[in-house]
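Asker: Per the working numbering, the very first residue in the sequence shown carries number 533; after that it's consecutive.
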Amino acid sequence: MRLRALLDTDALGLRLLGGEDELDRTLRGVMTTDLRDPSRYLAGGELVLTGLAWRRDAADSEPFVRLLVQAGVVALAAGEAELGAVPEDLVVACARHRLPLFAVHESVAFATITEHVVRQVSGERAGDLAAVVDRHRRMMTSGPAGGGPDVVLDLLGSDLDLRAWVLSPTGRLIAGSKVAGPALPADVCAALAAEHLAATRTGRRGPYRVLLGTVTYSLFPIRWGHLPAAAGGRSAQGARDVRESVLSDWLLAVEADAGDWPAERLDLLQGVTQLIAVERDRRDAARTVRRRLAQEVLELVQTGAAPAEIAARLRVAAPVLLPGLGAAPHWQVVVARVEWAGGEVEGGPVAQCLLEEILVDPLAVGPEPSDRIAVAHTGDEAVALVPLPAVTAEHDGSEAGVHADVLLAAVRDPLTAGLDDDGRLTLGVSAAVHSAEGLRGALEEARHARRVAAARPGRVCAAGHQELASHVLLLPFVPDDVRRAFTARLLDPLRDYDRRHRAELIPTLEAFLDCDGSWTRCATRLHLHVNTLRYRVGRIEQLTGRDLSRLEDKLDFFLALRMS
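Shown next as structure tokens:
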């Protein structure tokens, strides 16, 4: 803004004392100070507000003004509250150095002037940045992206002092400004993603205001163009149901409170989200080849094609997914299923997008780390083909690749918020296989593991192949009526007793079995005397007619607790 614009606002209470010929100077900021030498805190282009506490006598005005001019200050405003009037020696010093000088009436707070200048300057800078963003949008839509969303976030940081990041619906950090400082911690990313999904499900309009600790964030949804075309998805903007896109949309997180922003700045940030959506569409289009490869392999496996035919297709896929590897990789299969209450919303396209976001190789480099994953979908189910370099599978004796528990920990909290009370996500992970012959078994293994996960409580559940070698493989296939009858016969007497007497027999039984029947370890875990523990176990045996010293009865109780 221009200096002369300050005189057009009566509420600021400014009176020009000198420097009328300099009022076309550009004002870029404002600072309040009573330091004798504030130059180290000045960047140039400021209006300095002062209460004159630095002035002891007339000789102090000349060096103070000289320091301001050397620092690039464009004007000085002195308050009249302290001395009743601006000293003549300060007026003379400002005239000598051609520094415009304003008097501030004692009834006007410096905060009023500061807020006015900040709003005006911010609005003008936002307008300038909007033009830059518009040019960048045209460049990205007509040709290769010039650096992707990071470039736009850098503009927000450098021109508007806004720290901003692009996050996936699971909280994965997709992009961040280089001037934003350290990357957001993973727990903050997950919390912001959860808040975004919860707000979307409740129908709130963005931006969403979130307070984490002492820091306020504003979350802007990034509405991208479409769900996978090959999957039969349709425009997210035209979707009839928010559930078709809620688990797929990215979000822009800005470290600021957008609640009191002017309309110009809000419009600018909406433009930024549209620009990032263009990049999202571009990345999605680049995944077309990988999706097609996965679809072809999945169809060959499911139709019982010859291993040689599947192997040929895998040889085509390997260079695309692992360029330059030069060796046949191991493969892992991950199956995901998204199910909504009522069944009217197809979950497969969303599950496909989710797997592409969460199955990211942590060792991958480059602008798109998920380019090593191929995901197909059928109905409500998505199937991911994850390549693992053969050398890593035997590198140190530990199992490489995707782990169900790690995957679950990364996505459970944020996605639970998006699934709300009417959706479920279940995941199953296979072991690694190194040949086409093993791929069909890996697919069945992943599907079995997913069914094991589906038998568990919770909105987001996962199971790995390791669990298929134990009793948990059998539990999902027990009919519901048999499951209810079995658990009721063993556990209902204990639940009823706990409800009447608060005896905590169920927690005691769980701890006793978890400690392998060790009286000492169980008593220590429950902070009980051993005699108290023996009394409780005796009561369990009396109520159920079972003997917890017998292996068969221990096993029955164990299974009943698992199925309840």
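Ideal Cβ placement from N, Cα and C applies to all residues, glycine included.
Everything numeric in this text was worked out from a predicted model, so none of it was measured.
Taking contact to mean at least 3 C-beta pairs separated by less than 8 Å, is the stretch 943-960 in contact with the stretch 870-885?
Answerer: Yes, they touch.
Asker: Check for me: the alpha helix (DSSP H) holding Val1014 runs from which residue to which?
Answerer: That run of the alpha helix (DSSP H) goes 1012-1033.
Asker: Any idea if Ala916 is buried or exposed, counting beta-carbon neighbours within 10 angstroms, 16 or more meaning buried?
Answerer: Ala916 comes out buried.
Asker: Compare the Cα-Cα distances from Ser639 to each of Ala543, Arg568, His1059, Leu959 and report the closest residue.
Answerer: Comparing Cα-Cα distances from Ser639 to each of Ala543, Arg568, His1059, Leu959, the minimum goes to Ala543.
Asker: Quick one: what does DSSP say Ala795 is sitting in, helix, strand or coil?
Answerer: Here Ala795 sits in helix by DSSP.
Asker: Per DSSP, what kind of secondary structure is Val774 in: helix, strand or coil?
Answerer: The answer is helix: DSSP assigns Val774 an H, G or I state.
Asker: Should Tyr749 be labelled buried (16 or more other beta-carbon atoms within 10 Å of its own) or exposed?
Answerer: With 16 or more other Cβ atoms within 10 Å, it is buried.
Asker: Report all residues from its chain with a CB closer than 6 Å to the CB of Glu594; omit the five preceding and five following residues, and keep chain order.
Answerer: If we look at Glu594 and ignore the five residues flanking it on each side, its Cβ neighbours are Ala625.
Asker: Looking at the strands, I want to know which residues DSSP matches up with Ile754.
Answerer: Partner(s): Trp782.
Asker: Measure from the alpha carbon of Thr805 to the alpha carbon of each residue in Ala818, Ala795, Ala722, Asp781, then state which is nearest.
Answerer: It is Asp781.
Asker: Consult DSSP for Leu1091 and reduce its assignment to one of helix, strand or coil.
Answerer: Residue state, collapsed to three classes: helix.
Asker: Going by beta-carbon coordinates alone, are Leu685 and Val865 separated by less than 7 Å?
Answerer: Against a cut-off of 7 Å, the Cβ pair of Val865 and Leu685 comes out as no contact.
Asker: Would you call the CB atoms of Gly561 and Gly577 closer than 7 Å?
Answerer: Cβ distance < 7 Å, so Gly561 and Gly577 count as in contact.
Asker: Which whole-angstrom value describes the C-beta separation of Leu807 and Ala785, a residue pair presumed to lie in contact below a C-beta threshold of 8 Å?
Answerer: Not really, about 16 Å apart at Cβ, beyond 8 Å.
Asker: Can you name, in chain order, every residue of its own chain whose Cβ lies under 6 Å from the Cβ of Asp1085, other than the five neighbours on each side?
Answerer: So the qualifying residues of the chain are Arg1078, Asp1079.
Asker: Could you pull out every residue in the same chain whose Cβ sits closer than 8 Å to the Cβ of Ala1035, ignoring the five residues on either side in sequence?
Answerer: The answer, listed in chain order, is Tyr1029, Arg1068, Arg1071.
Asker: Taking 7 Å as the threshold (C-beta atoms), are Leu687 and Glu549 in contact?
Answerer: Strictly speaking, residue 549 in this sequence is Leu, with Glu absent from that position. It is not a contact, given that the beta carbons lie outside the stated cut-off.
Asker: DSSP three-state call for Leu825: helix, strand or coil?
Answerer: Correct three-state label for Leu825: helix.
Asker: Between Glu828 and Asp1013, what straight-line distance do the alpha-carbon atoms span, to the nearest angstrom?
Answerer: Going by the C-alpha atoms only, they are around 40 Å apart.
Asker: Who does Arg956 pair with in a DSSP beta bridge?
Answerer: For Arg956, which the question treats as bridged, DSSP gives the partners Glu871.
Asker: Use the C-beta contact count for Gly738: other C-beta atoms within 10 angstroms, 16 or more gives buried, fewer gives exposed.
Answerer: When all chains shown are included, Gly738 counts as buried.
Asker: Would you kindly check if the distance between the Cβ of Pro701 and the Cβ of Ala718 is under 7 Å?
Answerer: No. Outside cutoff.
Asker: In whole angstroms, what is the alpha-carbon distance linking Ala575 and Val606?
Answerer: Those two C-alpha atoms are separated by around 11 Å.
Asker: Do Ala942 and Gly960 have their C-beta atoms closer together than 7 Å?
Answerer: No.
Asker: Residues in the same chain with beta-carbon distance under 8 Å from Ala508, minus the five sequence neighbours each way, listed in chain order, please.
Answerer: Outside the displayed span of the chain (533 to 1096) sits residue 508, for which this structure offers no information.
Asker: What does a CB cutoff of less than 8 Å around Ala585 pick up in its chain, not counting 5 residues either side in sequence?
Answerer: Result list for Ala585: Asp566, Glu614, in chain order.
Asker: Based on the DSSP output, what are the partners of Ala731 in its beta bridges?
Answerer: Note: Ala731 sits in no beta bridge, so no partner.
Asker: According to DSSP, simplified to helix, strand and coil, what is Leu574?
Answerer: Leu574 falls in the coil class under three-state DSSP.
Asker: Run through the DSSP bridge pairs and tell me what Arg547 is partnered with.
Answerer: Answer is Ala635.
Asker: Cα-Cα, which of Ser690, Cys1047, Asp1024, Phe596 is closest to Leu1075?
Answerer: Closest option to Leu1075, Cα to Cα, is Asp1024.
Asker: Between Ala1097 and Leu846, is the Cβ-Cβ spacing less than 7 Å?
Answerer: Here the chain covers residues 533 to 1096 and nothing more, so residue 1097 does not appear.
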